[in-house]
Every structure is written in C-alpha cells, then in structure tokens.
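Q:
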Amino acid sequence: MGTINTALRELRTAQKSSKGVSLYSRFANRPAGRVLAACSYALRLTPNQVTVISALFSFAAVVGLAIGTPAVGLGVLVWLGLAIGFAFDSADGQLARLRGGGSAAGEWLDHVVDCAKITALHAAVLISFYRHPDAYGIDGEDAWLLLPLVFQFAAVVTF
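The opening residue of the sequence shown carries number 45 in the numbering used here; numbering runs sequentially from there.
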C-alpha cells in the first residue's frame, strides 16, 4: 500500500470518462471522491468498506430529513451528509480501480446502496411533507399517502 500522494497520482490515470456526466460529478464529486479514495487506500480500506461509509452518511442525512423539523440548519446538515455520502460513493469505485479492480459482489452492494439511498431520499421528502405540511404550504391530513412508501422501498431494493 502506498501514500495518499502516490494514490492520487495513480488515480489520475484510472478515471472513468467524463463524457456525459453532470457538471457536479465532473467538477465536485469525482475530485472529492478521488481524494477520499486516496485516503481510503492509505488507510487500507476496501471498496466495500467505503460503500458502507457512503451509506452511513447518506442514510443519516435521509433520516434527518424524515424526522427533523424543517429549518435552515437541518437543510445544511442534510446537504452536507448527502454530499459526503455521494463523494464516498464516487470513492468506492475509484478505490476499486486503484486496487486493480472490484468484485461482482462489491458492484452489487454499491448498486443496492445507491438504489436504496435514492428511494429513501424521495420517501423522506414525502414523509417530511406529511409531518410538516404547514412548513411546505400543503394539506397533510391523508395518512394513507405513507403506505405506498413501504411498497416502493421494498420493490426497488428487492431483485
């Protein structure tokens, strides 16, 4: 295993193409992920461990959104958790390439976490709308709106 600087140099040549990616991914997320991948490499973390770290940040933000009271401070914390989680999500693949390739199980784990994260994030927004309708200027009397969320989450993460 090498140093962070060595890993950063090696990662410059092990990047996916930037063709067709969003500006955020190209100029913010991938560079942050590259630094996190290099640090993870120096710490001898595996790509799967980095995926779990990504999930922890992302799901902490999602839970905060779902159970918190809408406020600027909460919005900043949710944004920060999602941004860090997204950067670690970029880092796991970069770390796998740096280590010579990932595994089918690691790719599966990454995709399941991504799918669960996106589904849970949208569900958390709906839950927040339901729990705090006045903060969003909506009527929140229909509790049955929450029932399809259980099905949505199960259907998306079950293959």
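Using N, Cα and C, we set each Cβ at its ideal position, and we do this for glycine too. Quantities reported herein were computed from a predicted structural model and do not represent experimental measurements.
(1) Answer with buried or exposed for residue 66, where buried requires no fewer than 16 other C-beta atoms within 10 angstroms of its C-beta.
(2) Does DSSP put residue 240 in a helix, in a strand, or in coil?
(3) Taking the continuous alpha helix (DSSP H) assigned at residue 109, which residues delimit it?
(4) In the structure shown, what three-state DSSP assignment does residue 176 receive?
(5) Rounded to whole angstroms, how far is the Cβ of residue 64 from the Cβ of residue 131, which I believe are closer than 8 Å?
(6) Indicate the three-state DSSP secondary structure (helix, strand or coil) for residue 63 in the structure shown.
(7) So, helix, strand or coil for residue 84, using DSSP?
(8) Report the three-state DSSP secondary structure of residue 163 (helix, strand or coil).
(9) Put residue 182 into one of helix, strand or coil per three-state DSSP.
(10) Cβ of residue 101 within 8 Å of Cβ of residue 129?
(11) Pull up the distance between the alpha-carbon of residue 147 and that of residue 121, whole angstroms please.
A: The relevant details are as follows:
(1) With fewer than 16 other Cβ atoms within 10 Å, it is exposed.
(2) Past the edges of the chain, shown from 45 to 203, lies residue 240, and the structure says nothing about it.
(3) Counting along the chain, the unbroken alpha helix (DSSP H) around residue 109 starts and ends at 91 to 111.
(4) Of the three classes helix, strand and coil, the one that applies to residue 176 here is coil, per DSSP.
(5) Not a contact, Cβ separation roughly 20 Å.
(6) Coil at residue 63, not helix or strand.
(7) Of the three classes helix, strand and coil, the one that applies to residue 84 here is helix, per DSSP.
(8) Reduced to three states, the DSSP call for residue 163 is helix.
(9) Coil at residue 182, not helix or strand.
(10) Remark: C-beta atoms of residue 101 and residue 129 approach each other more closely than 8 Å.
(11) Each residue's Cα considered, the two are about 33 Å apart.
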